[in-house]
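Protein chains in written order, with my numbering: chain A, 1 to 222; chain B, 223 to 308. Ideal Cβ placement from N, Cα and C applies to all residues, glycine included.
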Amino acid sequence: MLVPEFVPAMFCLWYLPAIYTGFIVAFIALIGISINKSDIHVLILTDIVGLAMLVIVGAVGTDLAEALVLPGLVVELAEIMAISEILISREMRKKGKSSSLLPMPLSLDMEIMTTAPNFISLLLIGYGIFLTGFTGGAVAGGGILLYILSRKAQGLPVLVINGIGAISGIAWCLWIIGFLLFFVKPDFWLLSLFLAACGLLLKVASKMGLIATLMREEFKRE
Amino acid sequence: MLELSLWFYTGCFLAIVGSLATVWGPGVKDPIVRTLNTEIPSIGVSLILLTYNHTLALLTFMATSVIISLILLRAITRLEEIGTKV
């Protein structure tokens with residue numbers, strides 16, 4: 001068997017049980033999908049099939065597994081989001097009725113939204129930039145999200161939204177240059193690592209900022 | 223000191239039993255009950271990822287499972303609002 005020596009012996013022992021668990025879960029979920037007729041039930045069971053995929057990928061037990069689980073999760077999330085939207089719009093067309101975009105009553109009338117966001121979002125963005133990479137992007141994006149959702153920055157002009165999109169493109173360029181440098185000039189690994197990390201930071205943070213802008217527009221319409 | 227394998231096998235057991243509960247469990251005709259039942263296998267998968275030391279994967283998984291259940295609940299309520307038989 002071809003197993004690198006840094007993989008603990010216990011992980012090798014767990015490999016078969018984990019693979020079997022994944023297959024059993026996937027089998028049960030696929031049978032459930034084949035039995036059910038209702039679309040929304042099938043969508044919920046697709047989630048379980050995704051979990052089986054995660055178990056099988058995670059059973060590898062090295063950093064490779066972690067690197068494969070992250071895109072798997074993101075793709076699963078995007079897939080469920082898109083299919084649920086398609087389902088709803090199809091039903092709307094069938095019935096000729098429209099439904100509210102956010103069926104739950106939600107008002108952001110909390111005192112903390114007017115007093116705290118300046119400080120908290122500054123803290124979050126600073127800490128996110130210090131972390132860099134995917135995690136830092138998520139933390140800094142959380143800060144941007146909080147700042148935009150609170151009423152401090154209402155009425156963001158279109159130019160700014162376009163600007164956020166441009167930052168996202170530059171971030172991709174940084175990431176790709178870093179990735180290329182890894183192969184062309186391996187001596188500059190630290191530089192390429194930081195290029196990729198800062199690119200990802202900008203990318204994730206600006207994406208979360210855009211989400212916040214969209215959400216704010218929805219709340220304002222109500 | 224508890225054996226580490228215990229958590230791994232608990233995770234496997236929860237994943238299998240939870241997926242059974244989601245497919246054939248009591249009250250799954252109601253899609254909301256079925257969505258809530260998906261939390262059981264996701265706890266099992268979290269335990270498996272925890273024993274493998276996949277920290278980042280575990281954190282992202284927890285975040286996405288919360289977002290996915292929110293999306294599903296929103297889809298169910300919107301479909302019911304339109305008047306579809308779910």
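Classification of residue i by the beta-carbon crowding that lies within 10 angstroms, buried from 16 upward
{"i": "threonine 115(A)", "result": "exposed"}
{"i": "glutamate 66(A)", "result": "buried"}
{"i": "isoleucine 289(B)", "result": "exposed"}
{"i": "arginine 300(B)", "result": "buried"}
{"i": "alanine 140(A)", "result": "buried"}
{"i": "leucine 202(A)", "result": "buried"}
{"i": "phenylalanine 230(B)", "result": "buried"}
{"i": "serine 34(A)", "result": "exposed"}
{"i": "glutamate 222(A)", "result": "Only weak support exists for where glutamate 222(A) lies, its pLDDT of 46 falling under 50; the value from the coordinates is given anyway. The residue in question, glutamate 222(A), is exposed, as its Cβ has fewer than 16 Cβ neighbours within 10 Å."}
{"i": "arginine 256(B)", "result": "buried"}
{"i": "serine 236(B)", "result": "It should be noted that the sequence gives leucine, not serine, for residue 236(B). It counts as buried."}
{"i": "serine 89(A)", "result": "exposed"}
{"i": "threonine 277(B)", "result": "exposed"}
{"i": "aspartate 47(A)", "result": "buried"}
{"i": "valine 75(A)", "result": "exposed"}
{"i": "glycine 209(A)", "result": "buried"}
{"i": "glycine 142(A)", "result": "buried"}
{"i": "alanine 285(B)", "result": "exposed"}
{"i": "alanine 297(B)", "result": "buried"}
{"i": "leucine 200(A)", "result": "buried"}
{"i": "proline 4(A)", "result": "exposed"}
{"i": "glutamate 91(A)", "result": "buried"}
{"i": "alanine 9(A)", "result": "exposed"}
{"i": "tryptophan 172(A)", "result": "exposed"}
{"i": "proline 253(B)", "result": "buried"}
Which of helix, strand or coil DSSP assigns to residue i
{"i": "threonine 46(A)", "result": "helix"}
{"i": "valine 25(A)", "result": "helix"}
{"i": "glutamate 222(A)", "result": "Confidence in glutamate 222(A) is poor, its pLDDT being 46 and thus under 50, which makes the residue's placement too unreliable to answer from."}
{"i": "tyrosine 274(B)", "result": "coil"}
{"i": "glycine 141(A)", "result": "helix"}
{"i": "proline 8(A)", "result": "coil"}
{"i": "alanine 197(A)", "result": "helix"}
{"i": "leucine 2(A)", "result": "coil"}
{"i": "valine 204(A)", "result": "helix"}
{"i": "threonine 306(B)", "result": "coil"}
{"i": "alanine 18(A)", "result": "helix"}
{"i": "glycine 249(B)", "result": "coil"}
{"i": "alanine 59(A)", "result": "coil"}
{"i": "isoleucine 290(B)", "result": "helix"}
{"i": "serine 150(A)", "result": "coil"}
{"i": "proline 98(A)", "result": "Proline is not the amino acid found at residue 98(A); the sequence shown has serine there. The answer is coil: DSSP assigns serine 98(A) none of H, G, I, E or B."}
{"i": "serine 38(A)", "result": "coil"}
N- and C-terminal bounds of the alpha helix (DSSP H) containing residue i
{"i": "glutamate 66(A)", "result": "63–95"}
{"i": "valine 245(B)", "result": "226–246"}
{"i": "glycine 126(A)", "result": "117–131"}
{"i": "proline 253(B)", "result": "253–259"}
Interface flag, residue i vs chain E, CB-CB below 9 Å
{"i": "threonine 232(B)", "result": "The chain labelled as chain E is not found among the protein chains of the depicted structure, namely A and B."}
8 Å contact criterion, which residue i and residue j should meet: CB distance rounded
{"i": "threonine 260(B)", "j": "leucine 73(A)", "result": "With a Cβ gap of about 15 Å, threonine 260(B) and leucine 73(A) do not count as contacting."}
{"i": "valine 245(B)", "j": "isoleucine 31(A)", "result": "7 Å"}
{"i": "isoleucine 270(B)", "j": "glycine 247(B)", "result": "21 Å between Cβ atoms; not a contact."}
{"i": "leucine 54(A)", "j": "valine 239(B)", "result": "About 17 Å; that fails the 8 Å criterion."}
> Touching or not, the segment 57–77 of chain A and the segment 11–31 of chain A, by the rule of three or more beta carbon pairs under 8 Å?
Replying inline: yes
> Touch check for the segment 166–185 of chain A and the segment 196–206 of chain A: three-plus C-beta pairs under 8 Å?
Replying inline: yes
> Is it a yes or a no for the segment 117–129 of chain A touching the segment 185–192 of chain A, going by three-plus beta-carbon pairs under 8 Å?
Replying inline: no
>> Does the structure place the segment 79–94 of chain A close enough to the segment 38–46 of chain A that three or more beta carbon pairs sit under 8 Å?
In response: yes
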